[in-house]
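> Whatever position you read off the sequence shown (first residue = 1), add 7 for our numbering.
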Amino acid sequence: MRRLTTTATAALLATVAAMPAAAEGERIALIVGVANDAYYGSVQCGVERAAALAGATVETQAPNTWGPADQIPILEAVMGTSPDAIVIAPTDDRALFQPLQRATEQGIKVVLVDTGLQDTSIVESSVTSDNVAAGRVAGEELLNLLGDNPEGSVITVGITAGVSTTDDREAGFAEVMNGAEGIKYLGHQYTENSVQKADEIVSAALIANPDLVGIFSTAAFNTEGAVSALRAAGKLNDVKIVGFNANPPGVEQLEREQVAAQVVLKPYDSGFFAGQAALNALNGLPTAEQVLTGSTVATAANLEDPAVANYLYSFDCPEF
Numbered sequence: 008m009r010r011l012t013t014t015a016t017a018a019l020l021a022t023v024a025a026m027p028a029a030a031e032g033e034r035i036a037l038i039v040g041v042a043n044d045a046y047y048g049s050v051q052c053g054v055e056r057a058a059a060l061a062g063a064t065v066e067t068q069a070p071n072t073w074g075p076a077d078q079i080p081i082l083e084a085v086m087g088t089s090p091d092a093i094v095i096a097p098t099d100d101r102a103l104f105q106p107l108q109r110a111t112e113q114g115i116k117v118v119l120v121d122t123g124l125q126d127t128s129i130v131e132s133s134v135t136s137d138n139v140a141a142g143r144v145a146g147e148e149l150l151n152l153l154g155d156n157p158e159g160s161v162i163t164v165g166i167t168a169g170v171s172t173t174d175d176r177e178a179g180f181a182e183v184m185n186g187a188e189g190i191k192y193l194g195h196q197y198t199e200n201s202v203q204k205a206d207e208i209v210s211a212a213l214i215a216n217p218d219l220v221g222i223f224s225t226a227a228f229n230t231e232g233a234v235s236a237l238r239a240a241g242k243l244n245d246v247k248i249v250g251f252n253a254n255p256p257g258v259e260q261l262e263r264e265q266v267a268a269q270v271v272l273k274p275y276d277s278g279f280f281a282g283q284a285a286l287n288a289l290n291g292l293p294t295a296e297q298v299l300t301g302s303t304v305a306t307a308a309n310l311e312d313p314a315v316a317n318y319l320y321s322f323d324c325p326e327f
């Protein structure tokens, strides 16, 4: 398996000179995971940058809610327009396989971005953050926040089983927690992407585990629910939250000191490399089967640092 791991923007910029020239009128269809999410705004910026450098065009579609029930009809409608390539963030690692297989049978090149499929035999490349490594970063940051010789219970709240990215984040986080002396890891509980459910899970954990010292939230709505539960219990200053949200609301949580840290992925880089992979496939150039992009950590203290600020999620495209 040809695999590329990149953790620096310099690696992205070094690829620009090698961008293929697109044939006249080459079209990339980008289908993100959900509408109005600044994370996917950054993905879109990256894909559009890659396409612009090669003279191709990008048309972006987004379901209003997360899940295959909304995403598959959009995919099928896009297939009806016969784009040259589809770059997609699958919202289910099984349900999207068959419709994407039909796209390849139609001659459309398929590249995955952000999320993946269990069976990747039909795709040209899968580009995603190294979510296991990012989960480890979250675990190490939480231990750092808890100080020397930390003790107490820690819980993870995640969205739903079967989402490759968030499950991988928990796996990396669990590695660190299970190796930390003095920490009792309570495991992973799913919220079905519900703020209310996350609130209920954290509230119950506080009652059952008075020694709760840390919460790892794998996605934005979980963090909102965790903050609500801690506020209601008067525990915002006692329990550290490490989230996974560099969208504007996640940045506000840092500024208000409701969340101690947010792991920041690099969706712009993921979008750029996904766009490049689609163009390479269309022009007969080699593609890596898997590309893993890096992450960093945002805190209230480093939000102005360009190494962090350039990667905060936004529909306004950054200038590197």
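We treat Cβ as the ideally placed atom computed from N, Cα and C, and that holds for glycine.
Give a yes or no on whether the C-beta atoms belonging to Leu237 and Val249 are separated by under 8 Å.
no
> Answer yes if the stretch 112 to 131 comes into contact with the stretch 306 to 313, meaning at least three C-beta pairs across the two stretches below 8 Å, and no otherwise.
no
> Any idea what DSSP makes of Leu193, helix, strand or coil?
strand
> Below 8 Å on the Cβ atoms is my guess for Ala181 versus Val209; work out the distance and round it to an integer in Å.
The Cβ separation is near 18 Å, so there is no contact.
> Are Ala69 and Tyr47 closer than 8 Å when you measure CB to CB?
yes
> Do you know offhand how far Ala307's Cα is from Ala239's?
A straight-line Cα-Cα distance of about 23 Å links Ala307 and Ala239.
> What did DSSP end up calling Arg263 once you bin it into helix, strand or coil?
coil
> If you draw a straight line from the C-alpha of Phe279 to the C-alpha of Phe251, how long is it?
21 Å
> Check whether the Cβ atoms of Phe223 and Val161 sit closer than 8 Å, and answer yes or no.
Contact: yes.
> Give me the Cα-Cα distance between Leu213 and Ala295, rounded to the nearest whole angstrom.
45 Å
> Would Ala226 and Asn200 be called neighbours here (beta carbons separated by less than 8 Å)?
yes
> Closest to Asn138 by CA distance: which of Leu152, Asn151, Gly123 is it?
Gly123
> Does DSSP put Glu296 in a helix, a strand or coil?
coil
> May I ask which residues mark the beginning and end of the alpha helix (DSSP H) holding Arg56?
45 to 61
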